[in-house]
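Structure first, commentary second.
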Amino acid sequence: MSRMMILTEAELRNIVTLDLDTAACVENAFRALATLPVAMPPILRLDIPEHHGEVDVKSAYVPGIDGFAVKISSGFFDNPKLGLPSGGGMMVLLSAKTGVVEALLLDNGYLTDIRTAAAGAVAA
Numbered sequence: 063m064s065r066m067m068i069l070t071e072a073e074l075r076n077i078v079t080l081d082l083d084t085a086a087c088v089e090n091a092f093r094a095l096a097t098l099p100v101a102m103p104p105i106l107r108l109d110i111p112e113h114h115g116e117v118d119v120k121s122a123y124v125p126g127i128d129g130f131a132v133k134i135s136s137g138f139f140d141n142p143k144l145g146l147p148s149g150g151g152m153m154v155l156l157s158a159k160t161g162v163v164e165a166l167l168l169d170n171g172y173l174t175d176i177r178t179a180a181a182g183a184v185a186a
């Protein structure tokens with residue numbers, strides 16, 4: 063069994079940047095969503111009302127791609143009063159063939175920010 067890779071936000075910032083390759087990747091993802099039988103379940107949202115928080119879980123599988131991700135993002139909106147960030151998150155990458163966890167990306171929303179910016183570039 064292979065070892066699981068763990069990447070921190072700082073490491074991801076050095077690896078993943080907003081560039082033409084990233085925009086092309088996002089454009090291809092939109093194309094796949096429009097033309098392939100993508101499996102994308104509804105967002106799972108867990109509210110934590112007594113702490114003014116929520117956790118969202120998202121995932122999708124694109125046929126023909128060897129892996130897929132499960133994204134977990136949180137928003138605890140009173141956290142700044144505690145000196146903590148209001149949002150956080152990570153992605154778990156799994157093999158689409160075996161379900162084996164291949165990587166844990168501790169991105170704290172960085173990858174979402176990059177994807178959002180790339181989507182804006184694609185739409186422009």
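Residue numbers (our numbering): 63 to 186. The beta-carbon is built from N, C-alpha and C at its ideal position, and this holds for glycine as well. Just so it is clear, the structure is predicted and the values come from calculations on it, not from any experiment.
Among the options, nearest to residue i - alpha-carbon criterion
i: G151; options: L173, T160, H114 and N141; result: L173
i: E116; options: A86, D140 and D169; result: D140
i: K120; options: K133, V184, A183 and N90; result: K133
i: L146; options: L155, D83, M153 and S136; result: S136
i: A91; options: L155, G126, P104 and V162; result: G126
i: T178; options: A122, E164, C87 and E73; result: C87
i: S148; options: F138, A185, L155 and I105; result: F138
i: V124; options: L98, L82 and L80; result: L98
Where residue i falls: helix, strand or coil (DSSP)
i: F139; result: coil
i: L82; result: helix
i: G161; result: coil
i: R65; result: coil
i: A185; result: helix
i: I134; result: strand
i: V9; result: With the chain covering only 63 through 186, there is no way to say anything about residue 9.
i: D169; result: coil
i: L106; result: strand
i: L156; result: strand
Cβ-based burial, residue i [other Cβ within 10 Å; buried from 16]
i: I176; result: buried
i: N170; result: buried
i: L69; result: buried
i: L167; result: buried
i: A158; result: exposed
i: A180; result: buried
C-alpha distance - residue i paired with residue j, whole-angstrom precision
i: A94; j: H114; result: 36 Å
i: V100; j: M66; result: 26 Å
i: G129; j: E71; result: 21 Å
i: A96; j: M102; result: 12 Å
i: E73; j: P142; result: 25 Å
i: R118; j: P111; result: A small correction: the amino acid at residue 118 is Asp; Arg does not occupy that position in the sequence shown. Between D118 and P111, the C-alpha separation is close to 14 Å.
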